[in-house]
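*Asks:* Using my numbering, the first residue of the sequence shown is number 76, and each one after it goes up by one.
Cβ atoms here follow ideal geometry from the backbone N, Cα and C, with glycine treated the same way.
Keep in mind that this is a model prediction, so the values were computed, not measured.
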Amino acid sequence: MSCSITSVFTFKIESTFDEWAAIFDSAEAEKRHSEFLIKPLFRGVSKEDPQKVIVIHQAPEGNVQKFVEANGDWMATHRVDLSTMEESSWTSSTTTESCCD
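#1: Round the Cβ separation of F84 and T159 to the nearest angstrom and send it over; I've been treating them as touching at under 8 Å.
#2: Do L116 and I131 come within 8 Å of each other at the CB atom, strictly closer than that value?
#3: D148 by DSSP, collapsed to three states: which one?
#4: Between R118 and A134, how many whole angstroms is the CB-CB distance? I'm expecting something under 8 Å.
#5: Smallest Cα separation from T152: which of S109, E162 and S90?
#6: What are the boundary residues of the alpha helix (DSSP H) that H108 is part of?
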């Protein structure tokens with residue numbers, strides 16, 4: 076059984092946040108997310124750095140990484156600097172065995 080993981084990503088963009096958010100919120104992005112059962116929960120911009128973005132998703136374990144692998148070129152065309160991407164993963168279980176096995 077696959078468990079639901081909450082993934083927190085931060086990365087830099089090479090556009091304004093509003094330009095990037097319009098793409099992130101688009102029907103095309105929604106379709107691409109749904110193909111990997113990804114539910115975006117939050118997206119925002121750093122108060123200190125207007126080029127730094129945070130995205131929080133919930134998805135079956137490994138699906139966000141598969142999405143990035145499958146859609147990296149598409150993301151890069153929207154001025155996402157993939158080299159700056161950092162990720163952390165979160166679950167509501169204290170043991171991975173009870174959630175992800």
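*Replies:* In short, the structure shows the following:
#1: As a first step, residue 84 is located in the sequence shown; it is residue number 9 there, counting from the start. As a first step, residue 159 is located in the sequence shown; it is residue number 84 there, counting from the start. Not quite, the Cβ-Cβ distance comes to about 10 Å (not below 8 Å), so this is no contact.
#2: Here residue 131 refers to the residue found at position 56 when the sequence shown is read from its first residue. Here residue 116 refers to the residue found at position 41 when the sequence shown is read from its first residue. A contact, by the Cβ cut-off of 8 Å.
#3: Within the sequence shown, residue 148 is the residue found at index 73, counting from 1. D148: helix per DSSP, three-state reduction.
#4: For the purposes of this step, residue 118 is taken as the residue at position 43 of the sequence shown. For the purposes of this step, residue 134 is taken as the residue at position 59 of the sequence shown. With a Cβ gap of about 15 Å, R118 and A134 do not count as contacting.
#5: Within the sequence shown, numbered from 1, the residue matching residue 152 stands at position 77. Closest option to T152, Cα to Cα, is S90.
#6: What you label residue 108 is simply residue 33 of the sequence shown in a count that begins at 1. From DSSP, the alpha helix (DSSP H) with H108 extends over A102 to E110.
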